[in-house]
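Chemist: This is the structure I want to talk about, given as structure tokens.
Residue numbers (the working numbering): 14 to 454.
Rendered as structure tokens:
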């Protein structure tokens, strides 16, 4: 349960997680070492140094307390100042209010003050406001003893040097770790990009590099890509041969019918042959796909305009609109496959309605071809089945017009081969079906 809650704060990328695995122990180690150094070394050494000074001041205070007059006390203080190496001044008759004045982050000041209070019985006032020296006032029987003690006699002079070296070493190690990890993650990113591009129908150059495991994964990807490309090419070549073999008898039948007398029977047979030819073309187009077509930059508006022009030549009422598409925009795609998908969508809309609208819309990461019609549309419950091959929602209809239920399936196959999608919905403008062919840029 606790791990599940912590998982939200973990980095999502491999680089981030590996970096956290390296940096978190370094940071924790630096904190522990710094804390141990501060408590076990810095504070303890400061306590020992300040205790020796406190014993000197306690001795000087005792000498002043044993004096009979202030003059005698000053003489004794002068005699003690040189051996003790301290700047001391006696102020006869002055009282002392105990207290400590220090900054919040002066941690050694608290240790020094506590040490002085333990070693000196008399009231002590300590001022640490000057970073170079500590000013003490010690109460005696005859007056106040004013002492200035250099801070380097009370604590380590440059304790931060070790901490700075530790932090500097941690930064250098972290930079080395970042550079090393970036080099290790780069081949994985290249493999992911190559896989993503191949899923969109684009074959980009890729060479396995990095650690042995990453190179093995890259080699496996290249082998898989080569096998898939070889299978697609073999299937395309095989189906091209099948297409030729199947079309030859149909062509002979058409020639035979053309040489026969014109009658109702020959006209019916000719229509059947034409229907068989259209159905055969649809079957082969679906089975063959677009394995031999390569991806190249294409203008989506020009492509849609060509589809619209072809549909108008067939007597269909089709309009074209472009939204947020700058002139000369080029999108990598298999233009032939996308054109056939749009033609199928337009044909599907014209078959069930009287007006079709194609809208080309450009987004930061995608380009969308939106095909709408004014037909009856497709119920939401039937949209999944409508995308299946050979699916005809009106079972009572016969494929007399060559419709075998492959138009939406071919469009879906083209979208998926580009790494995109095909979505069906309701047209808000025309009231019929809306099909969105969305492709990545």
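Glycine included, every Cβ here is placed at the ideal spot set by N, Cα and C.
Note that this is a predicted model, so its numbers are computed, not measured.
Are there three or more Cβ pairs, one per stretch, closer than 8 Å when the stretch 181 to 194 is compared with the stretch 29 to 44?
Modeler: yes
Chemist: Going by beta carbon distance, what residues of the same chain come within less than 6 Å of residue 531, once the five residues before and after it are set aside?
Modeler: As displayed, the chain neither begins before 14 nor continues past 454, which places residue 531 out of reach and without an answer.
Chemist: Figure out for me which residue from 60, 421, 386 has the closest Cα to the Cα of residue 439.
Modeler: Considering only 60, 421, 386, the residue with the shortest C-alpha distance to residue 439 is 386.
Chemist: Enumerate, from N- to C-terminal direction, the unbroken alpha helix (DSSP H) stretches of 4 or more residues contained entirely within the stretch 156 to 227.
Modeler: 173 to 212
Chemist: Need the endpoints of the beta strand (DSSP E) that residue 384 sits in, please.
Modeler: 379 to 386
Chemist: DSSP puts residue 339 in a beta bridge; with which residues?
Modeler: None, per the DSSP bridge assignment.
Chemist: Note down, in chain order, each residue of its chain lying with its Cβ closer than 7 Å to the Cβ of residue 27, except the 5 sequence neighbours on either side.
Modeler: 198, 201
Chemist: So what's residue 246 in DSSP terms, helix, strand or just coil?
Modeler: helix
Chemist: For residue 103 versus residue 87, is the C-beta spacing smaller than 7 Å?
Modeler: By the CB criterion at 7 Å, residue 103 and residue 87 fall inside the cutoff.
Chemist: Are there any heavy atoms of the ligand SAH lying less than 6 Å away from the beta-carbon of residue 215, as far as the coordinates show?
Modeler: You won't find the ligand SAH in this model; it holds no ligand whatsoever.
Chemist: Just the Cα atoms here: how many angstroms apart are residue 343 and residue 40?
Modeler: 49 Å
Chemist: Are the stretch 79 to 99 and the stretch 154 to 170 touching, with three or more C-beta to C-beta distances below 8 Å?
Modeler: They touch, by the three-pair rule.
Chemist: Under 6 Å Cβ to Cβ from residue 411, same chain only, skipping five residues before and after it: list those, please.
Modeler: Caution applies to residue 411, whose pLDDT of 42 falls short of 50 and renders its modelled position unreliable; the value that the coordinates give is listed next. Counting only Cβ-Cβ distances below 6 Å, and skipping sequence neighbours, we find nothing.
Chemist: Here's the rule I'm using: 16 or more other beta-carbon atoms within 10 Å means buried, otherwise exposed. How should residue 446 be labelled?
Modeler: Under a 10 Å Cβ-count criterion, residue 446 is classified as buried, with 16 or more other Cβ atoms of the shown protein chains found around its own Cβ.
Chemist: Between residue 131 and the rest of its own chain, which residues show a CB-CB distance below 8 Å, the 5 nearest in sequence each way excluded?
Modeler: 67
Chemist: In the DSSP assignment, what residue or residues form a beta bridge with residue 149?
Modeler: Note: residue 149 sits in a beta bridge opposite 139, 160.
Chemist: Taking all protein chains shown into account, do 16 or more other C-beta atoms lie within 10 angstroms of the C-beta of residue 181, making it buried, or fewer, making it exposed?
Modeler: exposed
Chemist: Excluding the 5 residues preceding and the 5 following residue 145 in the sequence, name in chain order all residues of the same chain whose CB lies nearer than 8 Å to its CB.
Modeler: 163, 164
Chemist: Got a sec, what are the start and stop residues for the alpha helix (DSSP H) residue 434 sits in?
Modeler: Residue 434 -> not in any alpha helix (DSSP H); beta strand (DSSP E) instead, spanning 434 to 439.
Chemist: Do the stretch 347 to 356 and the stretch 326 to 335 make contact, defined as three or more Cβ pairs closer than 8 Å?
Modeler: Flag = no, the stretch 347 to 356 and the stretch 326 to 335 do not touch.
Chemist: Using 10 angstroms around the beta-carbon of residue 426, count the other beta-carbons present and answer buried if the total reaches 16, otherwise exposed.
Modeler: buried
Chemist: On the criterion of 16 or more Cβ atoms from any shown chain inside 10 Å, does residue 55 qualify as buried, or is it exposed?
Modeler: Classification for residue 55: buried.
Chemist: Taking the alpha helix (DSSP H) that residue 368 falls in, what are its first and last residues?
Modeler: Unbroken run through residue 368: none, as it is neither H nor E.
Chemist: Please identify the residue among 396, 150, 124, 71 whose C-alpha is closest to the C-alpha of residue 108.
Modeler: Among 396, 150, 124, 71, the Cα nearest to that of residue 108 belongs to 150.
Chemist: Could you give the residue range of the beta strand (DSSP E) that holds residue 101?
Modeler: 100 to 105
Chemist: Between the Cα of residue 432 and those of 454, 422, 442, 420, spot the shortest distance and give me the residue it belongs to.
Modeler: 454
Chemist: Enumerate in chain order the residues of its own chain whose CB-to-CB distance from residue 183 is below 8 Å, with the five nearest sequence positions on each side excluded.
Modeler: 39, 40, 43
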